[in-house]
């Protein structure tokens, strides 16, 4: 077991399942409001998040206030990705459309700043989160949808064991025109 550490002035014991050498996944905190506001309202990522309008601080406060709900109640889980060494938030990882009966959920990831991309953080976060989903939540499968032109995300998910299982032709409307979207799926290795 890891020794306790100080995080934002609070002594906490590291949670092994939600951390790796370089990153940690943690619950949302009220102090994340400014980050969420900036990230959710970044119109450069609206296309991949299927967002059409900005989020208000009021709506994001309500979201934070309900983020403590059990995944079985809210059907979603959002965790902050932060650098383990500096406790700096660099992105988000989401579980959504949680279906406990069919034991499946969608997954999405965001590394926000360009300087934090291509350093393995997304790969580590995805590995940790998949392990959590398959062992703790005991899901049978995870899925995601990625536009055909998003080569970085396609490479990330396929390298982590997600398989392309379908192609939805001209599924996403963008400024550049219609784009295909791939459906990817990863089955729990213990259920194979």
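Residue numbers (the working numbering): 1 to 192. Beta carbons: idealized from backbone N, C-alpha and C, even for Gly.
- By a beta-carbon distance limit of 8 Å, residue 138 does not contact residue 104. Their separation comes to about 11 Å.
- Annotation for residue 19: 25, 84, 128 place their beta carbon closer than 8 Å to its own, counting only its chain and skipping 5 residues before and after.
- Under the three-state reduction of DSSP, residue 129 is assigned to helix.
- Residue 59: not part of any beta strand (DSSP E); member of the alpha helix (DSSP H) spanning 57-66, first to last residue.
- Taking a contact as a CB-CB distance under 8 Å, the pair residue 81 and residue 125 counts as one, their CB atoms being some 5 Å apart.
- For residue 147, the three-state secondary structure derived from DSSP is strand.
- Where residue 27 is concerned, the enclosing beta strand (DSSP E) starts and stops at 23-27.
- Per DSSP, the unbroken beta strand (DSSP E) holding residue 79 starts and ends at 77-83.
- Judged by beta-carbon spacing, residue 123 lies beyond the 9 Å limit of residue 79, meaning their Cβ atoms are not closer than that value.
- In the three-state reduction of the DSSP assignment, residue 20 falls in the coil class, being assigned neither a helical nor a strand state.
- The stretch 166-177 makes no contact with the stretch 60-67: fewer than 3 CB pairs, one atom from each, lie closer than 8 Å.
- Taking a C-beta distance under 9 Å as the contact criterion, residue 91 and residue 107 do not qualify as a contact pair.
- Short of 7 Å from the beta carbon of residue 93, and not among the five residues preceding or following it, lie these beta carbons of its own chain, in chain order: 25, 79, 81, 109, 125, 129.
- Residue 58 holds the alpha-carbon nearest to the alpha-carbon of residue 33 among 58, 22, 42.
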